[in-house]
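Visitor: Would you mind keeping the following structure in view while I ask a few things?
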Amino acid sequence: MGRKEIICSWKKSTTNIKDVFDFKGKMGSGSFSEVFMVRERETGKLYALKCLKKKHLVHSNLENEINVLRRIKHENVVGLEDFYESRTHYYLVMQLVSGGELFDRILDKGVYTEKDASTVIKQVLQAVSYLHENSIVHRDLKPENLLYYNTDVNAKIMVSDFGLSKTMEHGVMSTACGTPGYVAPEVLAQKPYSKAVDCWSIGVITYILLCGYPPFFEENETRLFSKIRRADYAFHSPFWDDISESAKDFIRNMMEINATKRFTTEQALRHPWIAGDTAKDLDIYPSVCEQMERNFAKSKWKQAFNAASVIHHMKKLQLSHSESSPSPSCMPNITVQSSSQDDLKVLGLRHDQADALDPNGNPVHAAARLSCGNPEPARGLCQTLRASHSEPGHALAMGESIEDHHFHSERDTSFGPKR
1 MGRKEIICSW KKSTTNIKDV FDFKGKMGSG SFSEVFMVRE RETGKLYALK
51 CLKKKHLVHS NLENEINVLR RIKHENVVGL EDFYESRTHY YLVMQLVSGG
101 ELFDRILDKG VYTEKDASTV IKQVLQAVSY LHENSIVHRD LKPENLLYYN
151 TDVNAKIMVS DFGLSKTMEH GVMSTACGTP GYVAPEVLAQ KPYSKAVDCW
201 SIGVITYILL CGYPPFFEEN ETRLFSKIRR ADYAFHSPFW DDISESAKDF
251 IRNMMEINAT KRFTTEQALR HPWIAGDTAK DLDIYPSVCE QMERNFAKSK
301 WKQAFNAASV IHHMKKLQLS HSESSPSPSC MPNITVQSSS QDDLKVLGLR
351 HDQADALDPN GNPVHAAARL SCGNPEPARG LCQTLRASHS EPGHALAMGE
401 SIEDHHFHSE RDTSFGPKR
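Structure below.
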């Protein structure tokens with residue numbers, strides 16, 4: 001079956017995109033796309049141009065992203081300005097955001113307080129509240145998708161990356177997607193979910209902004225997912241000793257395990273830590289900076305990981321069994337595989353011949369191994385996502401690379417507070 005063309009009434013055709021834009025430099029690249037800073041020749045305006053090769057595209061994913069972006073007009077959301085097509089590529093002309101990523105700005109500040117974190121989260125809430133009012137759920141909120149508009153000290157926060165966003169139908173969705181460390185319990189439990197998943201993710205981001213490490217940290221993905229499903233997190237001493245009770249209350253309400261009781265964006269915007277003056281002005285930079293540098297080095301928090309594939313196989317890995325008997329011998333043994341931009345391999349699950357099988361041919365124990373499989377089935381699930389956690393001593397070699405390099409986990413890269 002041939003690839004379907006994207007039909008948009010406002011799509012523009014070009015035989016050579018360089019006739020339209022002057023390319024100024026590469027901003028980033030991955031397995032399926034490259035992003036360049038460009039200047040429009042006719043107007044002189046600067047944009048970020050996302051170039052996507054048609055042969056690598058999942059039609060529905062791009063069509064969904066375009067449909068979402070065209071509807072969005074908000075000061076804290078990166079907007080789509082135009083859309084071009086050539087014989088080999090699609091080109092998304094995006095608003096240029098040049099201030100860098102959230103974590104990088106925090107690490108460069110020198111002074112950082114609860115109030116700074118509150119200001120950031122307020123802007124994120126305003127943007128996400130706008131999305132929810134328009135029946136759009138982001139579904140992949142994480143620090144990497146929070147960018148500063150420019151390099152000014154008081155630059156505004158911009159929410160980006162709408163590749164996984166979804167327009168709600170009847171207020172409920174069921175597709176398993178997101179980034180593992182930020183995904184809500186109901187998604188991991190394979191239950192229908194709503195816009196409340198975004199509020200959970202904002203709670204996780206808030207937690208990290210106040211201590212520098214993630215609320216859920218495990219060296220094994222199965223145990224990590226188990227902790228998230230139970231909302232098993234804590235405010236550890238001494239890292240949280242100087243953080244206000246108001247901030248902790250805000251996080252508890254955002255990371256409420258019961259999605260129906262979880263704060264909405266409207267409720268969150270009214271919380272004293274956001275709307276009032278309960279956020280402390282005490283400098284927490286030394287502690288937060290140290291933890292961020294240890295827990296969110298580029299080589300860790302930009303690893304590629306297909307969360308949807310793992311969720312799809314959770315039943316086969318018998319999560320309930322690992323919860324009741326978390327022996328290391330029952331945890332996945334992950335082997336190294338490689339991939340390239342031209343030949344993306346998707347990780348599947350296999351087992352040793354010695355592993356016991358149930359009547360359906362699935363491993364009785366979670367001693368499954370990851371191996372390269374046919375990429376076609378996974379493409380319909382979800383595009384490749386980055387992960388926050390991984391098994392020590394292996395390389396994750398699937399999915400989108402940053403600047404054409406895959407990032408690897410090392411044995412000393414465990415997550416969590418470091419004293």
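Residue numbering for the sequence shown follows UniProt numbering, beginning at 1 and increasing consecutively. C-beta atoms are modelled at their ideal positions from N, C-alpha and C, and glycine is treated no differently. Just so we're clear, the structure is a prediction, and the values are computed from it rather than from any experiment.
1) Is it a yes or a no for the region 25-32 touching the region 99-111, going by three-plus beta-carbon pairs under 8 Å?
2) For H89, write down the residues that DSSP places opposite it in a beta bridge.
3) Buried or exposed for F23, going by 16 or more other Cβ atoms inside 10 Å?
4) Here's a check: name, in chain order, each residue in its chain whose Cβ is nearer than 6 Å to the Cβ of Y285, leaving out the five neighbours to either side.
5) Hey, quick one: how far does the beta strand (DSSP E) through G25 stretch, first residue to last?
6) My assumption, with CB atoms under 8 Å, is that R229 sits in contact with P185. Please give the rounded CB distance.
7) Are G203 and M158 closer than 8 Å when you measure CB to CB?
8) Which word fits L209, buried or exposed, when buried means at least 16 other C-beta atoms lie within 10 angstroms of its C-beta?
9) State yes or no: is the C-beta of F32 nearer than 7 Å to some heavy atom of the ligand NAD?
10) Could you check if P238 is buried or exposed, using at least 16 other CB atoms within 10 Å of its CB as the buried criterion?
11) Using CA atoms only, rank isn't needed, just tell me which of Y47, D82 and E114 is closest to S13.
12) If we count the other Cβ atoms within 10 Å of its Cβ and call it buried at 16 or more, is L370 buried or exposed?
13) Counting along the chain, where does the beta strand (DSSP E) carrying M158 start and finish?
14) Reducing DSSP to helix, strand and coil, say where Y182 ends up.
15) Tell me the DSSP secondary structure of F36 in three-state form.
16) For E40 and K156, I'd like the C-alpha separation in whole angstroms.
17) For A268 versus L141, is the C-beta spacing smaller than 8 Å?
18) May I have the straight-line CA-CA distance separating I205 from K109, to the nearest angstrom?
19) If you count every other CB in all the chains shown that lies within 10 Å of the CB of A117, and 16 or more means buried, which is it?
20) How about L107 and E293: do their beta carbons lie closer than 8 Å?
21) Name the residue from R262, A247 and E290 whose alpha carbon lies nearest to the alpha carbon of G276.
22) With 16 other CB atoms within 10 Å as the buried threshold, where does V187 fall?
23) Would the beta-carbon of G181 fall within 8 Å of that of Q291?
24) What residues in its chain sit with their C-beta under 8 Å from that of A231, if we drop five residues either side in the sequence?
25) Verify whether the separation of the beta carbon atoms of N145 and D161 is less than 8 Å.
26) At which residues does the beta strand (DSSP E) containing Y148 begin and terminate?
27) If you scan the region 203-276 from start to end, which runs of the alpha helix (DSSP H) of 4 or more residues do you find wholly inside it?
Guide: According to the structure shown:
1) no
2) K53
3) exposed
4) V111 and Y112
5) F21 to S29
6) 5 Å
7) no
8) buried
9) Because no ligand of any kind appears in the structure shown, any question about the ligand NAD cannot be addressed here.
10) exposed
11) D82
12) Residue confidence is low: L370 scores 32 on pLDDT, short of 50, so the model does not pin down where it sits. Its coordinate-derived value is still stated next. With 16 or more other Cβ atoms within 10 Å, it is buried.
13) I157 to V159
14) helix
15) strand
16) 24 Å
17) no
18) 18 Å
19) buried
20) yes
21) A247
22) buried
23) no
24) P185, M255, E256 and I257
25) yes
26) L146 to Y148
27) 221-230, 245-254, 265-270 and 272-275
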